[in-house]
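Colleague: No gaps in the numbering here: position 121 of the sequence shown is 120 in numbering that gives the first Met the number 0, and each next residue is one more. Virtual Cβ for every residue (Gly too), placed ideally from N, Cα, C.
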Amino acid sequence: MKAYLKRYIRNFDFPLFFVYLALCLFGLVMIYSASMVWAVNRYGFDADHFYKRQLINVCVALPALAVGAFIPFKHYKRKGFMAMMLFVTFGLLLAVHFIGFGDEAGARSWINLGPINLQPSEVAKIAFILYFSGFFAKKLQQNTIDDLNNSVFPPVILLAVAVLSIMMETDIGATMILLVTAVSVMAASGMRPKTFFKFSGLAIAAAFLFVLVAVVSGKQLLTEGRLARLSTFMDPFEDPLGSGFQIINGYLAIGAGGLKGLGLGQSVQKMGYLPEPQTDFIMAIISEELGLLGVLIVVGGLGFIVMRAISIALKTSNPQARMIAAGIGSLIGFQTFVNLGGMTGLMPLTGVPLPFISYGGTSLILLSFCIGILLNVSMFVKTESKQ
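1. Starting from Arg307, trace the alpha helix (DSSP H) both ways and give me its first and last residue.
2. Check whether the Cβ atoms of Ser317 and Gly67 sit closer than 9 angstroms, and answer yes or no.
3. Give the secondary structure of Asn375 by DSSP, where H, G and I count as helix, E and B as strand, and everything else as coil.
4. Quick one: what's got a C-beta closer than 6 angstroms to Asn10's C-beta in the same chain, skipping five residues either side?
5. Taking the C-alpha atoms as reference points, what is the distance between Trp37 and Ile128?
6. Quick check: the Cα distance between Asn338 and Pro352, rounded to an integer number of angstroms?
7. Sort Phe134, Leu92, Phe89, Ala21 by Cα distance to Gln298 and report the nearest one.
8. DSSP has Leu117 in a bridge; who is on the other side?
9. Give the secondary structure of Arg191 by DSSP, where H, G and I count as helix, E and B as strand, and everything else as coil.
10. Look at the alpha carbon of Gly344 and the alpha carbon of Asn142, and state the distance between them as a whole number of angstroms.
11. Check this for me: beta carbons of Gly341 and Gly350, under 9 angstroms apart or not?
12. Quick one, which of Leu292, Val267, Val184 has its alpha-carbon nearest Ala324's?
13. Is the segment 119 to 134 close to the segment 163 to 179, with three or more CB pairs under 8 angstroms?
14. Given that a residue counts as buried once 16 or more other Cβ atoms are within 10 Å of its Cβ, and exposed if not, what is Tyr19?
15. Quick one: what's got a C-beta closer than 8 angstroms to Ile144's C-beta in the same chain, skipping five residues either side?
16. Could you check which residue in Arg52, Phe13, Gly200 has the C-alpha nearest to that of Gln277?
17. With a cut-off of 8 angstroms on the beta carbons, I'd call Phe49 and Ser34 a contact; round off their distance for me.
18. Specify the secondary structure class of Pro396 as computed by DSSP and reduced to three states.
19. Can you grab the Cα-Cα spacing for the pair Cys58 / Ser164, in whole Å?
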């Protein structure tokens with residue numbers, strides 16, 4: 000045991016861990032700064048209410064990271080684990096339609112479990128990274144990864160069902176992230192390009208078929224909330240006091256920050272102008288208070304994690320390790336892109352949190368678990384390179 004711990008510490012990826020920890024701590028500081036006025040004026044809470052809640056989330060996230068780091072990633076390839084993981088994921092996705100809650104736009108994307116608000120779509124993102132990597136690693140080992148019937152159709156069907164379920168929750172952002180992450184794992188699987196493109200075509204066709212069935216059955220996919228977000232994306236100034244209010248005030252925050260920012264705690268937009276500034280628009284407050292420097296700290300930290308994941312994927316000869324690293328890197332990278340894209344108007348708003356920075360327990364805890372898995376894969380790659 001002592002020898003194992005020495006080897007574990009010797010191969011531990013300290014740069015990855017410390018960048019992750021720095022982002023979490025930086026997020027805590029900015030959540031306190033961004034939410035203090037909103038907590039008092041909007042909800043009647045103490046000024047540090049959201050800070051304390053996020054501090055608890057961080058305290059739960061660190062053990063989640065430890066679990067991911069200490070469990071050898073090869074265990075995720077076992078049939079029993081994959082079956083249990085899919086059962087829990089689809090059980091949660093189904094449950095949200097019956098006991099789910101949501102925001103004013105009508106999205107039913109989370110389950111209230113007392114002190115915890117669980118988002119099944121966040122669980123699905125990680126579950127499909129682990130399921131796809133384990134499934135395709137086995138097929139690659141059996142030399143049947145290019146077999147459409149045995150290796151392509153099963154994951155396509157499961158992915159399409161999950162996509163439909165999340166779309167029914169009106170969670171477009173999570174749907175896009177899940178699809179991109181799944182395709183990234185596929186791209187790193189080692190299958191022939193011809194098979195990959197067939198998979199992509201089948202996945203798109205299956206998702207379209209499920210959406211068509213939903214529309215025919217009377218399920219309204221284009222809700223008023225979605226239509227409002229689309230119109231806001233086209234012209235946020237068309238309804239500046241309604242659907243465009245948040246993004247316009249986000250622009251004002253970004254513009255006011257400039258290069259150096261107004262100073263920590265000195266944001267004007269958080270004084271009630273920018274709704275829920277501690278959530279998916281927290282980067283606007285960072286930009287206003289800390290300027291371009293604060294933005295570069297966050298983007299640089301997240302970019303380091305993504306590039307580290309890609310580097311790990313490229314260095315290993317183990318297909319499962321490669322797919323896990325590629326999937327986690329694409330998950331964090333694309334989620335960051337969707338968050339910043341919505342805030343800057345490059346794409347419609349989706350309510351996707353900024354990884355490790357935005358307020359929210361489910362995303363932080365599950366992404367921390369992902370970082371733990373990535374640390375485990377990184378240690379395996381270091382050990383592999385020394386043999």
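Modeller: Put simply:
1. Looking up residue 307 in the sequence shown gives position 308. Arg307 -> alpha helix (DSSP H) spans 281 to 314.
2. Along the sequence shown, read from residue 1 onward, the residue named residue 317 stands at position 318. Along the sequence shown, read from residue 1 onward, the residue named residue 67 stands at position 68. The question names Ser, yet the displayed sequence has Asn at residue 317. Taking 9 angstroms as the Cβ cut-off, Asn317 and Gly67 do not qualify as a contacting pair.
3. For the purposes of this step, residue 375 is identified with residue 376 of the sequence shown, where counting begins at 1. Correct three-state label for Asn375: helix.
4. Here residue 10 is taken as the residue at index 11 of the sequence shown, counted from 1. The answer, listed in chain order, is Met378, Lys381, Thr382.
5. Here residue 37 refers to the residue found at position 38 when the sequence shown is read from its first residue. Here residue 128 refers to the residue found at position 129 when the sequence shown is read from its first residue. Spanning the two alpha carbons is a distance of roughly 36 angstroms.
6. For the purposes of this step, residue 338 is identified with residue 339 of the sequence shown, where counting begins at 1. For the purposes of this step, residue 352 is identified with residue 353 of the sequence shown, where counting begins at 1. In this structure, the alpha-carbon of Asn338 lies about 6 angstroms from that of Pro352.
7. Position 299 of the sequence shown, counted from the first residue, corresponds to residue 298. The sequence shown places Val at residue 298, not Gln. The shortest Cα separation from Val298 among Phe134, Leu92, Phe89, Ala21 belongs to Ala21.
8. Sequence index remark: in the sequence shown, residue 117 carries index 118 (1-based). BP columns for Leu117 point to Ile110.
9. By 1-based counting over the sequence shown, the position of residue 191 is 192. The three-state secondary structure of Arg191, taken from DSSP, is coil.
10. The count along the sequence shown starts at 1 and reaches residue 344 at position 345. The count along the sequence shown starts at 1 and reaches residue 142 at position 143. The alpha-carbon atoms of Gly344 and Asn142 are separated by roughly 45 angstroms.
11. On the sequence shown, position 342 is the one that residue 341 refers to. On the sequence shown, position 351 is the one that residue 350 refers to. Contact: yes.
12. Walking along the sequence shown from the start, residue 324 turns up at place 325. Per the Cα distances, Val184.
13. yes
14. Position 20 of the sequence shown holds residue 19. It is buried - the Cβ of Tyr19 has at least 16 other Cβ atoms within 10 Å.
15. For the purposes of this step, residue 144 is taken as the residue at position 145 of the sequence shown. Excluding residues within five positions, the ones whose Cβ falls inside 8 angstroms are Phe135, Lys138, Ser150, Ser188, Gly189, Met190, Thr194.
16. What you label residue 277 is simply residue 278 of the sequence shown in a count that begins at 1. Here the closest residue by C-alpha is Arg52.
17. Locating residue 49 in the sequence shown gives position 50, counting from the first residue. Locating residue 34 in the sequence shown gives position 35, counting from the first residue. Their Cβ separation, rounded to whole angstroms, is 4 angstroms, which keeps Phe49 and Ser34 in contact under 8 angstroms.
18. Outside the shown range of the chain, which is 0 to 386, sits residue 396, and nothing can be said about it.
19. The sequence position of residue 58 within the sequence shown is 59, counting from 1. The sequence position of residue 164 within the sequence shown is 165, counting from 1. Roughly 31 angstroms between the two C-alpha positions.
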